[in-house]
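Protein chains: 2
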Amino acid sequence: MARIIDVAKHAGVSVASVSRVLSGLPGVSEDTRARVQAAAKALNYRPDLAARRLRSRRTDTIGLIVSDIRNPFFTEVSRAVEDMAYEHGQRVILCNADEDPEKEAFYLELMHNENVSGVILSPTLQLLSQFRASDYTFPVVLVDRCERSTEADAVVLDNVDAAYRLTEHLIERGHRRIAFLYGAGSATGQQRNEGYSLAMARAGLAAQASALRPVVADARDAALELLAGRQPPEALMASNGLLLLGVAEAVRELGLPCPERIAVAGFDDLPWVRLVDPGFTVIAQPTYDIGHAAIELLLQRIAQPSQAVRRVVLRGELIVRGSTAQRVTAPA
Amino acid sequence: MARIIDVAKHAGVSVASVSRVLSGLPGVSEDTRARVQAAAKALNYRPDLAARRLRSRRTDTIGLIVSDIRNPFFTEVSRAVEDMAYEHGQRVILCNADEDPEKEAFYLELMHNENVSGVILSPTLQLLSQFRASDYTFPVVLVDRCERSTEADAVVLDNVDAAYRLTEHLIERGHRRIAFLYGAGSATGQQRNEGYSLAMARAGLAAQASALRPVVADARDAALELLAGRQPPEALMASNGLLLLGVAEAVRELGLPCPERIAVAGFDDLPWVRLVDPGFTVIAQPTYDIGHAAIELLLQRIAQPSQAVRRVVLRGELIVRGSTAQRVTAPA
DNA sequence: CTGTTAGCGCATTCAT
DNA sequence: ATGAATGCGCTAACAG
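As given, the protein sequences belong to chains A and B, one line each in that order.
The first sequence maps to residues 1 to 332 in the working numbering.
The second sequence maps to residues 333 to 664 in the working numbering.
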């Protein structure tokens with residue numbers, strides 16, 4: 001393996017000049033630059049990253065800790081982050097905390113040890129409840145999850161608003177007994193519950209919300225139980241794609257016609273939601289924009305560590321499909 | 333930040349002893365060991381990874397380059413790899429090549445620069461066609477994609493067999509005109525086409541296979557075209573989850589009753605395939621096992637760089653659902 | 001504009 | 001079992 005000194009000899013210059021050229025620093029003549037590049041190419045030289053990082057005390061690496069990589073939402077976000085990061089000469093370490101605070105702590109520790117330039121994180125509720133960006137040795141930007149009082153840069157959906165609009169849509173379509181199944185494990189779920197409750201209250205309707213683990217099976221069971229009750233809901237609303245999947249399973253199992261007997265709505269415009277029978281009405285999140293905004297925020301924070309905390313709040317898009325058609329009630 | 337010399341002073345020993353203790357090397361008295369550990373804890377010492385890597389010439393890092401992170405198959409595989417890797421003291425760099433040979437090359441280059449211990453890779457067809465593990469400076473294990481002659485460790489599904497069994501199942505259920513939509517961009521798709529063709533030939537039926545890009549929209553369009561033909565197929569079979577999604581969209585758009593008018597089958601037991609109306613019959617892949625086997629192979633290869641090339645071939649599981657019910661034909 | 005040189009923090013000889 | 005000393009390959013400070 002060629003080292004920097006070999007390149008220097010080959011080009012007939014000093015190692016300092018080689019370093020300058022390869023780091024794109026100014027203060028090198030065109031001639032030297034060209035010769036160094038030729039020599040580097042001829043020797044197929046690659047700088048040793050470990051040495052460079054040790055010496056420069058920079059890693060040009062950002063960490064991305066998502067809470068569940070199986071969730072297509074995070075998959076999309078991570079694509080945006082990666083794309084942008086590499087464009088800015090940053091590498092990405094992608095980690096999956098799996099909604100597990102222990103794993104999350106492990107990875108944050110790892111980030112510290114790796115001496116990353118910064119981290120983008122979708123925190124568990126436990127972590128978020130006491131989160132302060134200043135507790136970390138590196139800049140942190142939160143995505144998807146953030147409470148109003150959290151002292152950290154963040155990019156989130158306007159969850160309250162989105163859930164409010166979705167609920168409102170169901171109400172407008174004539175549904176009254178609207179049950180909400182939401183993920184209790186995240187700030188996002190709680191905020192969406194707020195929006196739902198608000199809309200129901202404004203309409204003078206009774207809210208019926210179930211806090212669940214963000215697991216398909218739990219949503220399915222909860223939906224089955226609700227639908228088996230004496231006064232089953234006319235509409236089911238889920239706070240994210242996973243729970244929506246569980247709701248869909250339950251409705252299908254019971255063979256209830258949708259939307260005639262049961263309307264369905266949820267979050268996340270996943271590939272399959274327009275596939276199931278009447279097509280599901282959902283709030284679509286601007287996933288790519290979210291990832292984009294997050295890394296933008298992070299890069300700026302890295303450049304300006306002491307700037308004021310900033311928050312980017314994006315709006316969800318209501319996509320209406322057959323599952324929330326106008327309710328037809330027998331005339332009184 | 334505490335450095336190794338601080339720990340040494342605090343413990344009243346030399347840096348060499350500290351290094352030995354923290355690397356878990358033998359040749360240290362119990363007493364010293366305890367004092368070093370206490371000192372490290374007291375100072376909240378973390379070894380500088382850049383320095384350690386520079387000096388030791390090891391990174392304890394493995395690279396995982398998947399061809400499409402949005403594909404749930406790879407998401408599952410990556411979970412298995414991560415779990416195992418951390419258990420073995422290896423860190424994982426997860427990269428998404430997006431089925432793009434350029435990105436793939438970029439990441440392989442990155443792996444080289446990062447000096448990883450080894451790489452797990454699902455190669456594009458272009459790369460695979462001329463792939464030799466010996467061309468790389470690090471051990472490589474292929475996952476999901478591999479040709480018979482490829483000189484590299486690999487973990488794959490028995491694609492020919494799986495497709496053969498799936499086709500056979502359709503034939504047994506009375507379907508004759510069975511069209512196959514497969515991803516032309518991967519070895520996997522081609523092998524599944526082999527299995528399909530073989531089964532059709534054995535049954536004396538004419539194969540009708542369409543090579544497609546692994547994109548939902550293309551599968552949808554192809555399926556629409558097939559179904560609009562003068563003699564439309566009685567069954568559609570897709571070579572992976574994405575294409576199956578496209579097929580499902582087409583069938584739904586046309587409002588064709590499934591399985592009466594059109595049977596459907598495919599690969600990958602994704603969450604939604606049992607959700608769509610009659611439930612889709614699929615071949616399920618043992619994704620976690622695949623990831624597990626891959627890293628197992630890699631770790632052994634790292635330990636034994638010159639051992640013979642090995643291949644793990646796993647069997648797919650046929651999961652029968654409503655979409656392939658017995659075909660009812662009018663008596664002749 | 002260019003070269004010389006001193007470490008970055010650690011693992012690893014080689015003594016003892 | 002322990003410590004002193006060396007240098008991994010590079011960047012950055014400084015001198016010229």
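Beta carbons: idealized from backbone N, C-alpha and C, even for Gly.
Note that the coordinates shown come from a computational prediction; the quantities given were computed from them, not determined experimentally.
query                                                                                                                             : result
Interface flag, Ile4 (chain A) vs chain B, CB-CB below 8 Å                                                                        : no
Min CB distance Asn491 (chain B) to chain A below 8 Å                                                                             : no
Extent of the continuous beta strand (DSSP E) to which Leu544 (chain B) belongs                                                   : Gln540 to Leu544
8 Å Cβ cutoff, Val276 (chain A) in contact with chain B                                                                           : yes
is_contact[Ala580 (chain B), chain A] using C-beta, thresh 8 Å                                                                    : yes
Any chain B beta carbon closer than 8 Å to His393 (chain A)                                                                       : Examination of residue 393 (chain A) is not possible in this model, given that chain A is present from 1 through 332 alone.
Alpha-carbon spacing of Leu170 (chain A) relative to Thr324 (chain A), whole angstroms                                            : 7 Å
Those runs of the alpha helix (DSSP H) which lie wholly inside the segment 381-448 of chain B and span at least 4 residues        : 381-388, 404-419 and 433-446
Reference Ala567 (chain B), options B:Pro589, B:Leu574 and B:Asp553, closest by Cα                                                : B:Pro589
Inter-stretch contact at 8 Å, needing at least 3 Cβ pairs: the segment 539-550 of chain B / the segment 496-516 of chain B        : yes
Reference Ile401 (chain B), options A:Ala228, A:Ile62, A:Val77 and A:Gln190, closest by Cα                                        : A:Val77
Assigned exposure category for Asn447 (chain B) - 16 Cβ within 10 Å defines buried                                                : buried
Straight-line Cα distance separating Leu498 (chain B) from Gln658 (chain B)                                                       : 14 Å
Residues of its chain near Ala334 (chain B), where Cβ-Cβ distance is below 7 Å and the 5 sequence neighbours each way are ignored : Leu375, Asn376 and Tyr377
Buried versus exposed call for Pro358 (chain B) [16 or more other C-beta atoms within 10 Å across all chains shown]               : exposed
is_contact[Ala332 (chain A), chain B] using C-beta, thresh 8 Å                                                                    : Residue placement at Ala332 (chain A) is poorly supported in this model, since its pLDDT is 47, which falls under 50; the coordinates are not used for a value here.
Beta-ladder partner(s) of Phe470 (chain B), from DSSP                                                                             : Phe470 (chain B) is not bridged to any residue.
Coil, strand or helix - Ala533 (chain B) by DSSP                                                                                  : helix
Coil, strand or helix - Leu607 (chain B) by DSSP                                                                                  : coil
For Val251 (chain A), three-class secondary structure by DSSP                                                                     : helix
Short CB-CB distance (under 8 Å) between Glu82 (chain A) and chain B                                                              : yes
Cutoff 8 Å: Leu386 (chain B) Cβ touching any chain A Cβ                                                                           : yes
Neighbour-count burial assignment, Thr137 (chain A), 16 or more Cβ in a 10 Å radius                                               : exposed
Ser122 (chain A) at chain B interface by Cβ criterion, 8 Å                                                                        : no
Rounded straight-line distance, which links the Cα of Ala494 (chain B) to that of Pro259 (chain A)                                : 38 Å
Burial state of Arg315 (chain A) (16 or more Cβ within 10 Å)                                                                      : exposed
Supposed contact pair Thr124 (chain A) and Glu99 (chain A) - C-beta distance, whole angstroms, cut 8 Å                            : 6 Å
Partners in chain A for Thr407 (chain B), counting only beta-carbon separations shorter than 8 Å                                  : Ile69, Arg70 and Thr75
Chain A within 8 Å of Ile425 (chain B), Cβ atoms only                                                                             : yes
Cβ-based burial, Thr520 (chain B) [other Cβ within 10 Å; buried from 16]                                                          : buried
Contact list for Val216 (chain A) against chain B, beta-carbon separation under 9 Å                                               : Pro603
Ala582 (chain B) beta carbon less than 8 Å from that of Leu602 (chain B)                                                          : no
In DSSP terms, what Glu151 (chain A) is bridged to                                                                                : A:Arg132
Where the alpha helix (DSSP H) through Val216 (chain A) begins and ends                                                           : Val216 to Ala228
Neighbouring residues, chain B, relative to Ala51 (chain A) (Cβ below 7 Å)                                                        : Leu386
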